[in-house]
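Engineer:
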Amino acid sequence: MLCFIGRVLMDHRNGLAGDATLTHAIGKAEREATVVMLHRRQANITSCEARTGQ
5 MLCFIGRVLM
15 DHRNGLAGDA
25 TLTHAIGKAE
35 REATVVMLHR
45 RQANITSCEA
55 RTGQ
């Protein structure tokens, strides 16, 4: 019985892992994990731009 599932958000240009998460294997966890990872990614990009002045 599958209890946990891992997901990786990949960069499409270089194939680098941008984020990863481990959740319980339930029907809606994939959608929720995707939204959380995208929000974290956006927050990281925004904070990096603020530090570099871009």
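Just add 4 to wherever you are in the sequence shown, counting from 1, and you've got my numbering.
Each residue gets a CB set at the ideal place from its N, CA and C atoms; glycine is no exception.
Computed from a prediction, not measured in an experiment: that's the story for all the values here.
With a cut-off of 8 Å on the beta carbons, I'd call F8 and A21 a contact; round off their distance for me.
Structural biologist: Residue numbering aside, residue 8 sits at position 4 when the sequence shown is read from its first letter. Residue numbering aside, residue 21 sits at position 17 when the sequence shown is read from its first letter. Their Cβ separation, rounded to whole angstroms, is 18 Å, which puts F8 and A21 out of contact at 8 Å.
Engineer: Can you tell me whether DSSP reads L20 as helix, strand or coil?
Structural biologist: The count along the sequence shown starts at 1 and reaches residue 20 at position 16. L20: coil per DSSP, three-state reduction.
Engineer: Within a Cβ cutoff of 7 Å, which residues of the same chain sit near R45, ignoring the five residues on either side of it in sequence?
Structural biologist: As a working mapping, residue 45 is identified with position 41 in the sequence shown. Correct list, in chain order: L13, G22 and D23.
Engineer: Secondary structure at L6, three-state DSSP: helix, strand or coil?
Structural biologist: Position 2 of the sequence shown, counted from the start, is the residue given in the question as residue 6. If DSSP states are grouped into helix, strand and coil, L6 belongs with coil.
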